[in-house]
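Enquirer: Residue numbers are given in numbering that gives the first Met the number 0: position 207 of the sequence shown equals residue 206, and the series is strictly consecutive. Input: one structure, supplied below.
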Amino acid sequence: MADLHCSQVKSRYNFAAWWHLLSLDAPTVAALWCWFFARAMRLRIPLLAALLLAGATWLFYVADRILDGFGGPSSELRERHTFHARHRRAFIVASLVLAGPLAWMILTRMYFQTLRDEVFLSVFALLYLLLVHVAGRFARIGRSGWLPKELAVGVLFAAATAVPSWSRMGRYPDLAKERLAVAVVLFAVLCWVNCVAIEKWETVRPVAFDRLPRAAKHPSTRWACTHLQFIVSIFALSSMAAAFLAPTSGLRDIYLAALLSSGFLLALDARRSAFTPFSLRIAADAALLTPLAFFPALR
Numbered sequence: 000m001a002d003l004h005c006s007q008v009k010s011r012y013n014f015a016a017w018w019h020l021l022s023l024d025a026p027t028v029a030a031l032w033c034w035f036f037a038r039a040m041r042l043r044i045p046l047l048a049a050l051l052l053a054g055a056t057w058l059f060y061v062a063d064r065i066l067d068g069f070g071g072p073s074s075e076l077r078e079r080h081t082f083h084a085r086h087r088r089a090f091i092v093a094s095l096v097l098a099g100p101l102a103w104m105i106l107t108r109m110y111f112q113t114l115r116d117e118v119f120l121s122v123f124a125l126l127y128l129l130l131v132h133v134a135g136r137f138a139r140i141g142r143s144g145w146l147p148k149e150l151a152v153g154v155l156f157a158a159a160t161a162v163p164s165w166s167r168m169g170r171y172p173d174l175a176k177e178r179l180a181v182a183v184v185l186f187a188v189l190c191w192v193n194c195v196a197i198e199k200w201e202t203v204r205p206v207a208f209d210r211l212p213r214a215a216k217h218p219s220t221r222w223a224c225t226h227l228q229f230i231v232s233i234f235a236l237s238s239m240a241a242a243f244l245a246p247t248s249g250l251r252d253i254y255l256a257a258l259l260s261s262g263f264l265l266a267l268d269a270r271r272s273a274f275t276p277f278s279l280r281i282a283a284d285a286a287l288l289t290p291l292a293f294f295p296a297l298r
């Protein structure tokens with residue numbers, strides 16, 4: 000019965016399922032928002048910058064999902080984890096093939112200030128993997144200790160997408176970095192909300208989230224899952240106010256995209272009983288593709 004249900008899900012969401020299972024969802028979102036930040040600040044970044052970010056993001060997510068499958072509780076493993084476990088060798092080979100050319104391109108073609116900032120962020124990303132997948136195995140920290148995974152992922156992801164624009168703004172003294180900083184903080188909150196929504200939708204079934212063992216998740220995540228609709232509503236109102244007060248049309252579009260994403264997340268949460276956790280997981284990342292709606296305005 001479970002295999003039949005899974006096949007039905009895959010047949011219904013064929014392209015979307017592969018987009019998710021092959022870990023292409025996060026790289027797509029990262030490259031899209033990287034471009035969106037640059038265009039909003041009227042900066043010209045090469046397509047290669049977004050592609051390098053997408054490649055590095057893919058390597059990070061593949062490593063995270065493979066490591067999740069090693070020794071983790073079976074109750075916490077999702078289809079993406081079991082898929083990476085079944086095809087671990089193929090993912091490792093693909094990662095090794097990609098890592099060499101990607102490293103060479105980063106070292107030789109990446110804008111120096113961007114390289115410096117991305118290396119700084121990469122150190123924190125590696126520390127995150129170490130805490131979650133190594134220290135967490137022995138010291139019981141990481142997912143359930145002082146480090147909320149959802150917050151760490153949200154902050155690192157948003158910062159990485161903004162670095163190509165942030166690092167180039169030093170060449171233009173008339174561009175106010177604090178304007179971009181506000182937009183990046185808002186996007187980081189959106190990424191955190193997205194991660195919390197995924198956690199809620201994948202965990203609540205079939206047990207209420209507030210009935211799970213208290214050690215299962217970080218307290219902040221438990222609270223956010225319980226009050227998700229309230230949090231997303233406040234975020235939507237904040238995005239609307241930010242769009243109204245935005246000093247430029249580009250920043251206004253960023254805030255409107257965040258508002259649109261929050262609307263999708265609210266709708267998904269309200270109708271979550273009508274979807275499987277697998278399809279909700281895919282839809283959650285698809286909700287972050289809202290910059291696509293602003294392509295004509297930003298050309």
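Cβ atoms here follow ideal geometry from the backbone N, Cα and C, with glycine treated the same way.
Taking its Cβ as the centre, do 16 or more other Cβ atoms sit within 10 Å of Pro-218, making it buried, or is it exposed?
Expert: If you number the sequence shown from 1, residue 218 lands on position 219. So Pro-218 counts as exposed.
Enquirer: What residues in its chain sit with their C-beta under 7 Å from that of Cys-290, if we drop five residues either side in the sequence?
Expert: Along the sequence shown, one-based indexing puts residue 290 at 291. Here the sequence assigns Pro to residue 290, which means Cys is not the residue at that position. Around Pro-290: Leu-31, Trp-32, Phe-35, Ala-256.
Enquirer: Out of Asp-116, Leu-244, Ser-232, Trp-57, which has the shortest C-alpha to C-alpha gap to Phe-308?
Expert: Lying before the first or after the last residue shown, residue 308 is absent from the chain, which here runs from 0 to 298.
Enquirer: Measure the alpha-carbon distance for Phe-123 versus Leu-46 and round it to whole angstroms.
Expert: Walking along the sequence shown from the start, residue 123 turns up at place 124. Walking along the sequence shown from the start, residue 46 turns up at place 47. Whole-angstrom Cα-Cα distance: 25 Å.
Enquirer: Between the beta-carbon of Ala-158 and the beta-carbon of Val-188, is there less than 8 Å?
Expert: The count along the sequence shown starts at 1 and reaches residue 158 at position 159. The count along the sequence shown starts at 1 and reaches residue 188 at position 189. No.
Enquirer: What do you get for Trp-57, buried or exposed, if any count of 16 or more other CB atoms within 10 angstroms of its CB means buried?
Expert: The sequence position of residue 57 within the sequence shown is 58, counting from 1. Answer is buried; the Cβ neighbour count reaches 16.
Enquirer: By the three-class DSSP mapping on this structure, what secondary structure does Leu-267 have?
Expert: Taking the sequence shown and counting its residues from 1, one reaches residue 267 at position 268. Looking at Leu-267 - three-state DSSP - the assignment turns out to be helix.
Enquirer: Return the residue from the list His-19, His-226, Tyr-254, Pro-276 that minimises the CA-CA distance to Ser-238.
Expert: Your numbering for residue 238 matches position 239 in the sequence shown. Checking every option, the nearest Cα to that of Ser-238 belongs to Tyr-254.
Enquirer: Could you tell me the distance, in whole angstroms, from the CA atom of Ser-121 to the CA atom of Gln-228?
Expert: Position 122 of the sequence shown, counting from 1, holds the residue named residue 121. Position 229 of the sequence shown, counting from 1, holds the residue named residue 228. Going by the C-alpha atoms only, they are around 32 Å apart.
Enquirer: If I'm right that Trp-191 touches Glu-149 with Cβ under 8 Å, what's the distance once you round it to whole angstroms?
Expert: Mapped onto the sequence shown, residue 191 falls at position 192. Mapped onto the sequence shown, residue 149 falls at position 150. With 8 Å as the limit, Trp-191 and Glu-149 qualify as a contact, their Cβ atoms being about 6 Å apart.
Enquirer: Looking at Ala-55 and Leu-95, is the spacing between their C-beta atoms short of 8 Å?
Expert: In the sequence shown, residue 95 corresponds to position 96, counting from 1. In the sequence shown, residue 55 corresponds to position 56, counting from 1. Not a contact, by the Cβ cut-off of 8 Å.
Enquirer: Answer yes if the stretch 79-98 comes into contact with the stretch 11-26, meaning at least three C-beta pairs across the two stretches below 8 Å, and no otherwise.
Expert: Yes, they touch.
Enquirer: Report buried or exposed for Ala-273, applying the criterion of at least 16 other Cβ atoms within 10 angstroms of its Cβ.
Expert: Reading the sequence shown from its first residue, position 274 is the one you call residue 273. Exposed, because fewer than 16 other Cβ atoms sit within 10 Å of the Cβ of Ala-273.
Enquirer: Quick check: the Cα distance between Leu-66 and Thr-247, rounded to an integer number of angstroms?
Expert: Against the sequence shown, residue 66 aligns to sequence position 67. Against the sequence shown, residue 247 aligns to sequence position 248. Answer to the nearest angstrom: the Cα atoms are 43 Å apart.
Enquirer: Which value, in whole angstroms, describes the spacing of the CA atoms of Ala-286 and Ala-266?
Expert: On the sequence shown, residue 286 is found 287 positions in, with the first residue counted as 1. On the sequence shown, residue 266 is found 267 positions in, with the first residue counted as 1. Approximately 10 Å, taken between the alpha carbons.
Enquirer: Any idea what DSSP makes of Gly-249, helix, strand or coil?
Expert: As a working note, residue 249 is residue 250 in the sequence shown. DSSP places Gly-249 in helix when its eight states are reduced to three.
Enquirer: Taking 8 Å as the threshold (C-beta atoms), are Leu-52 and Arg-167 in contact?
Expert: Numbered from 1 along the sequence shown, position 168 holds the residue referred to as residue 167. Numbered from 1 along the sequence shown, position 53 holds the residue referred to as residue 52. No, the Cβ-Cβ distance between Arg-167 and Leu-52 is not below 8 Å.
Enquirer: Give, in chain order, every unbroken run of the alpha helix (DSSP H) that is at least 4 residues long and sits entirely within the stretch 7-88.
Expert: You should have 13-20, 24-39, 46-67, 78-85.
Enquirer: Could you name the residues of the same chain whose beta carbon sits closer than 6 Å to that of Pro-26, not counting the 5 residues immediately before and after it, in chain order?
Expert: For the purposes of this step, residue 26 is identified with residue 27 of the sequence shown, where counting begins at 1. Only Ala-53, Thr-56, Trp-57 meet the Cβ criterion.
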